[in-house]
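A.B. asks: Please find one structure pasted underneath; my questions will follow.
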Amino acid sequence: MEECSVLIETTKSAEDKTSRWFDLPIDYELFRDLLGVEADSKDYQITDMKLPFAGDIVRTTSVRRLNKLYFTYTDLSPEVQQAYKELIPYCGGVEDLLQKSEEFLFYPECHNIMDVARYRLEHNIEFSALSEKGKKYFNLEAYAHELEEKGRYALCNNGMFKL
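At position 110 of the sequence shown (counting the first as 1) the number is 110 in UniProt numbering, and the numbers step up by one without a gap.
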């Protein structure tokens with residue numbers, strides 16, 4: 001899993017500014033001890049981050065929200081985590097991605113729609129009755145065309161997802 005950390009700076013007073021890097025999830029007591037402010041207060045801001053889901057974060061995001069987003073991200077399947085940057089444009093954020101990803105079909109090591117058609121021919125039960133000779137004469141190009149017309153696919157580094 002990618003590094004998940006944030007730099008948080010206190011905003012109480014200009015002369016007492018303190019900042020620290022925190023790995024997620026953030027322990028509320030440790031946060032209070034290191035920065036001198038409560039996690040529920042508005043006396044801090046995020047000034048830097050190393051997060052795969054950085055697009056869901058603004059300077060004023062609360063520690064509680066950070067932790068919630070972190071746990072949502074960790075609930076994603078390893079395949080979806082690995083393809084996060086390619087999949088997130090199809091969703092409204094990490095929480096939306098988690099909800100939608102339950103319906104995604106993943107085709108590992110497929111790099112185009114023909115690979116997906118070949119993968120389905122070899123692995124789906126709907127084609128199990130076909131003999132090897134029948135599979136040899138199967139019109140893979142027509143099947144790939146049908147898959148492409150009826151579905152929405154995202155190409156990722158680790159394979160393709162049917163969205």
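Glycine is no exception: its CB is placed at the ideal position from the N, C-alpha and C atoms.
Since S5 sits in a beta bridge, which residues does DSSP pair it with?
C.D. replies: Against the sequence shown, residue 5 aligns to sequence position 5. S5 is bridged to D23 and K50.
A.B. asks: Can you tell me whether R120 is buried or exposed? The criterion is at least 16 other CB atoms within 10 Å of its CB, across all chains shown.
C.D. replies: Sequence index remark: in the sequence shown, residue 120 carries index 120 (1-based). Buried: at least 16 other Cβ atoms inside 10 Å.
A.B. asks: So is L105 buried or exposed if we call it buried at 16+ other beta carbons inside 10 Å?
C.D. replies: The sequence position of residue 105 within the sequence shown is 105, counting from 1. Exposed.
A.B. asks: For the candidate residues A54, R65 and A154, whose alpha-carbon lies nearest to that of C110?
C.D. replies: Position 110 of the sequence shown holds residue 110. Considering only alpha carbons, the answer is A154.
A.B. asks: Just to confirm the assignment: which complete alpha helix (DSSP H) runs, minimum length 4, are found wholly within the stretch 48 to 126?
C.D. replies: DSSP runs (the alpha helix (DSSP H)) wholly in the stretch 48 to 126: 63 to 74, 78 to 82, 84 to 87, 94 to 101 and 113 to 123.
A.B. asks: Any idea what DSSP makes of L155, helix, strand or coil?
C.D. replies: Working through the sequence shown from its first residue, we reach residue 155 at position 155. L155: strand per DSSP, three-state reduction.
A.B. asks: For D33, is the beta carbon positioned less than 7 Å from some heavy atom of the ligand PLP?
C.D. replies: Among the components modelled here there is no ligand, and therefore nothing to report on the ligand PLP.
A.B. asks: For F161, name the three-state secondary structure that DSSP assigns.
C.D. replies: As a position in the sequence shown, residue 161 is number 161, starting the count at 1. Here F161 sits in strand by DSSP.
A.B. asks: Nearest-angstrom Cα distance between L30 and G159?
C.D. replies: Position 30 of the sequence shown, counted from the start, is the residue given in the question as residue 30. Position 159 of the sequence shown, counted from the start, is the residue given in the question as residue 159. The straight-line gap from Cα to Cα measures roughly 40 Å.
A.B. asks: Counting Cβ pairs closer than 8 Å, one from the stretch 11 to 26 and one from the stretch 54 to 61, do we hit at least three?
C.D. replies: Verdict: no, contact absent.
A.B. asks: To which residues of the same chain is L34 closer than 7 Å at the C-beta, ignoring the five residues directly before and after it?
C.D. replies: Position 34 of the sequence shown, counted from the first residue, corresponds to residue 34. Hits under 7 Å: R20.
A.B. asks: For the alpha helix (DSSP H) holding G134, just list the boundary residues, first then last.
C.D. replies: As a working note, residue 134 is residue 134 in the sequence shown. From DSSP, the alpha helix (DSSP H) with G134 extends over E132 to K136.
A.B. asks: My assumption, with CB atoms under 8 Å, is that L87 sits in contact with V80. Please give the rounded CB distance.
C.D. replies: Mapped onto the sequence shown, residue 87 falls at position 87. Mapped onto the sequence shown, residue 80 falls at position 80. Right, the Cβ-Cβ distance comes to about 6 Å (below 8 Å), so this counts as a contact.
A.B. asks: Going by C-alpha to C-alpha distance, which of K50, A129 and Y137 sits closest to V6?
C.D. replies: For this step, residue 6 is matched to residue 6 along the sequence shown. Out of K50, A129 and Y137, K50 has the C-alpha closest to the C-alpha of V6.
A.B. asks: Rounding to the nearest angstrom, what Cα-Cα distance links Q99 and C91 in this structure?
C.D. replies: In the sequence shown, counting from the first residue as 1, residue 99 sits at position 99. In the sequence shown, counting from the first residue as 1, residue 91 sits at position 91. Looking at the two C-alpha atoms, the distance is approximately 10 Å.
A.B. asks: What residues are listed by DSSP as bridge partners for Y44?
C.D. replies: Numbered from its first residue, the sequence shown carries residue 44 at position 44. Beta-bridge pairing links Y44 to T10.
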